[in-house]
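Novice: Numbering (our numbering), first residue to last: 1168 to 1749.
All residues carry an ideal CB built from backbone N, CA and C; glycine is no exception.
What you are looking at is a predicted structure, and each value in this text was computed from that prediction instead of being measured.
Submitted below is the structure of interest, expressed as structure tokens.
Set out below in structure tokens:
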């Protein structure tokens, strides 16, 4: 402080010294009073010792102008830079700034004492030629200090104020300083225009240029529409109850559907640093579609398509489509329900309570035990179907099974079985039980054209009902739709009586939409049935058997017949409006 006192008293007087003290104390207080509840500062500040050359230059400047803002040396957080990295850059800046501040302070200081003629002469003799050429002048212009980090992606500037009669900061000084530092790119022109005359134009660190980083190209990617590893995932119903029969282990796909798509790579965009150097960028790498068996790449090369309807699986780094889904064991809790768009081959049984649905053929090597099976093609059950009254079997083509017991079947093709016992059969083709035992006992059999068996009924005169004509499956569907539409109409009537609410409106819209769909389908089926009735001749319907027992009830169209005695090698058909045995 001895230096400051003698220095200020000589050039500015004791009053200016007091102003400097007050300003320095205020600056120190601003730095020390930082909010404790702020979790993260927007920038990293550089703290300097009180006697640092920059603070001493600040004291000199503030003695001339009370309005000068306190020094503020901070760097804003750059994207991708940690506070530690910013502190490292600030230290590098501090090194350059300290050197420049010491040199400037040295030239800004006047002589504290008058030297004698002899001392001046002695020092003059010792001066180098270069020092002699320098003309000592107390007045100095404003001096911008440009700092460019090693990565040259930004340029920071702090301006030393002029001393005494020196020139204030202007655009020409700024431009010259940037040119000397070779900063030519990414310059913040607006900031350079605003800086001269700005309250913080001196002793504050500003970023005046920012480079454009190179944007590396992204590699190509594969977007999967099907999982590469299938995990057990139980279905949950609307009441948040877990369905342990639905594991969703199989991923079915239709022919021509996309399995995955290729996202092409992007090209890199070169960057440029603040000194105009081009920063190269890497282009992304291509990726190939994981093509496997029964798949093909689309014409535009962006999608992997299924060649067949089947099950999607990922193995050996490729997607494959299996047109045949094979279950090595039983359909039970280990597999869950099966819902497949291709063909299914089950080497075991379909356990009670489980369902199998497929758009193609279904082959079961074992037994269907109180399970639901729906096939879009043929259904083949090697050992038989035991329903217990709960099994529902549907197939769009033929049914082949060793036996049917206590089951309900809907077959749009023909039924072939060794025996049919106490079952509900809806068949749009023929029912044939002529192999093996060839028994048809109890229950109701509805066939479109023909029923044939070795034995119909039993000695105990079990009621065995046979209905011929029409399309039983279509008729059953019509009856079901009529019941459903009536139920929906009643639900709508009840819903209309409830108070108005958003949920009521939503429910009514759902019911009305469902009702319209069912009514449209019902109308279509009725038209189909009308065309069938016009084209069919009930005379062609018949029942053939080796042995028929009393208790057999036969209906062909509107004509009914009850067998009252045991009959052998008989054919029952419509003759002259009556059912006769011929």
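Do the region 1475-1492 and the region 1417-1436 meet, that is, are 3 or more Cβ pairs less than 8 Å apart?
Specialist: Contact holds: three or more Cβ-Cβ distances are below 8 Å.
Novice: Are there 16 or more other CB atoms within 10 angstroms of the CB of residue 1216, so buried, or fewer, so exposed?
Specialist: Exposed, because fewer than 16 other Cβ atoms sit within 10 Å of the Cβ of residue 1216.
Novice: For a test of the three-state rule: what should DSSP assign to residue 1643, helix, strand or coil?
Specialist: Note: residue 1643 maps to helix in three-state DSSP.
Novice: Measuring CA to CA, which of 1456, 1460, 1461, 1475 is closest to residue 1467?
Specialist: Selected option, being the one with the closest Cα: 1456.
Novice: Rounded to whole angstroms, what's the CA-CA distance from residue 1378 to residue 1260? Just pull it up for me.
Specialist: Distance between the alpha carbons of residue 1378 and residue 1260 is about 18 Å.
Novice: Does the beta-carbon of residue 1543 have 16 or more other beta-carbons within 10 angstroms, so that it is buried, or is it exposed?
Specialist: Buried, since its Cβ has 16 or more Cβ neighbours within 10 Å.
Novice: Could you tell me whether the Cβ atoms of residue 1271 and residue 1441 are closer together than 8 Å?
Specialist: Taking 8 Å as the Cβ cut-off, residue 1271 and residue 1441 do not qualify as a contacting pair.
Novice: For residue 1662, collect the residues of the same chain with a Cβ closer than 8 Å to its Cβ; drop the 5 residues on either side in sequence, then sort them by chain order.
Specialist: These residues qualify, in order along the chain: 1671, 1674, 1675, 1678.
Novice: In the DSSP assignment, find the beta strand (DSSP E) that holds residue 1672 and state where it starts and stops.
Specialist: Segment 1669-1702 is the alpha helix (DSSP H) holding residue 1672; no beta strand (DSSP E) there.
Novice: Is it right to say residue 1654 is buried, meaning 16 or more other beta carbons lie within 10 angstroms of its own, or is it exposed?
Specialist: Classification for residue 1654: exposed.
Novice: Helix, strand or coil: which one does DSSP assign to residue 1754?
Specialist: Given a span of 1168 to 1749 for the chain in the structure shown, any question on residue 1754 remains unanswerable.
Novice: With distances taken between CB atoms, is the gap from residue 1605 to residue 1574 smaller than 8 Å?
Specialist: Not a contact, by the Cβ cut-off of 8 Å.
Novice: Taking the Cβ atom as the reference point for each residue, do residue 1268 and residue 1221 lie within a distance shorter than 8 Å?
Specialist: Taking 8 Å as the Cβ cut-off, residue 1268 and residue 1221 qualify as a contacting pair.
Novice: Hey, residue 1151 and residue 1381 are a contact pair by Cβ (cut 8 Å); roughly how many whole angstroms apart?
Specialist: Only positions 1168 to 1749 of the chain appear in this structure, which leaves residue 1151 out of reach.
Novice: Check residue 1748 in the structure and name its three-state DSSP category.
Specialist: Residue state, collapsed to three classes: strand.
Novice: Which same chain residues end up closer than 6 Å to residue 1539 when comparing Cβ atoms and leaving out the 5 residues on each side of it in sequence?
Specialist: These residues qualify, in order along the chain: 1522, 1559.
Novice: Alpha carbon to alpha carbon, how far is residue 1241 from residue 1250? Give it in angstroms, no decimals.
Specialist: Going by the C-alpha atoms only, they are around 11 Å apart.
Novice: Hey, residue 1330 and residue 1227 are a contact pair by Cβ (cut 8 Å); roughly how many whole angstroms apart?
Specialist: That belief holds up - the Cβ atoms of residue 1330 and residue 1227 are roughly 7 Å apart, short of 8 Å.
Novice: Ordered along the chain, which non-local residues of its own chain (more than five positions away) have a Cβ less than 7 Å from that of residue 1736?
Specialist: Within the same chain, residue 1736 has close Cβ partners 1713.
Novice: Could you check the C-alpha separation between residue 1342 and residue 1275 for me, to the nearest Å?
Specialist: Distance between the alpha carbons of residue 1342 and residue 1275: 24 Å.
Novice: Could you check where the alpha helix (DSSP H) with residue 1221 kicks off and where it finishes?
Specialist: 1220-1229 is the extent of the alpha helix (DSSP H) around residue 1221.
Novice: What number of angstroms, rounded off, separates the C-alpha of residue 1504 from the C-alpha of residue 1646?
Specialist: Computed Cα separation, rounded: 28 Å.
Novice: Cβ atoms of residue 1472 and residue 1426: under 8 Å apart, would you say?
Specialist: For residue 1426 and residue 1472, yes; Cβs fall inside 8 Å.
Novice: Output the distance between the C-alpha atoms of residue 1657 and residue 1691, rounded to the nearest integer angstrom.
Specialist: Their backbone Cα atoms lie some 23 Å apart in a straight line.
Novice: What separation, rounded to the nearest whole angstrom, lies between the Cα atoms of residue 1188 and residue 1360?
Specialist: Unreliable positioning characterises residue 1188 in this predicted model, as indicated by a pLDDT of 45, which lies under 50. The coordinate reading is nonetheless provided below. Distance between the alpha carbons of residue 1188 and residue 1360 is about 33 Å.
Novice: Tell me the rounded alpha-carbon separation between residue 1620 and residue 1599.
Specialist: Residue 1620 and residue 1599: Cα-Cα distance of roughly 6 Å.
Novice: Would you call the region 1579-1597 and the region 1682-1700 touching, i.e. three or more CB-CB distances under 8 Å?
Specialist: Result no; under three Cβ-Cβ pairs closer than 8 Å.
Novice: Reducing DSSP to helix, strand and coil, say where residue 1638 ends up.
Specialist: Coil at residue 1638, not helix or strand.
Novice: In whole angstroms, what is the alpha-carbon distance linking residue 1422 and residue 1494?
Specialist: If you take the alpha carbons of residue 1422 and residue 1494, they lie about 22 Å apart.
Novice: Judging by CA-CA distance, which residue of 1218, 1615, 1666, 1340 is the nearest neighbour of residue 1578?
Specialist: The candidate whose alpha carbon is nearest that of residue 1578 is 1615.
Novice: Give the straight-line distance between the Cα atoms of residue 1716 and residue 1587, rounded to the nearest whole angstrom.
Specialist: So the two alpha carbons sit approximately 15 Å from each other.
Novice: Taking the beta strand (DSSP E) that residue 1551 falls in, what are its first and last residues?
Specialist: Residues 1551-1553.
Novice: When you compare only the Cα positions, how much space is there between residue 1214 and residue 1444?
Specialist: Between residue 1214 and residue 1444, the C-alpha separation is close to 33 Å.
Novice: With a threshold of 6 Å on Cβ separation, who are the neighbours of residue 1730 within its own chain once the five nearest residues in sequence on each side are excluded?
Specialist: Contacts found: 1715, 1717, 1719.
Novice: Pick out whichever of 1367, 1337, 1376, 1514 has its Cα sitting closest to the Cα of residue 1322.
Specialist: That would be 1376, whose Cα lies nearest to the Cα of residue 1322.
Novice: What does the alpha-carbon distance come out to for the pair residue 1302 and residue 1338?
Specialist: With a pLDDT of only 42 at residue 1302, under the threshold of 50, the placement of this residue in the model should not be trusted; the figure read from the coordinates follows. Cα to Cα, the separation comes out at about 26 Å.
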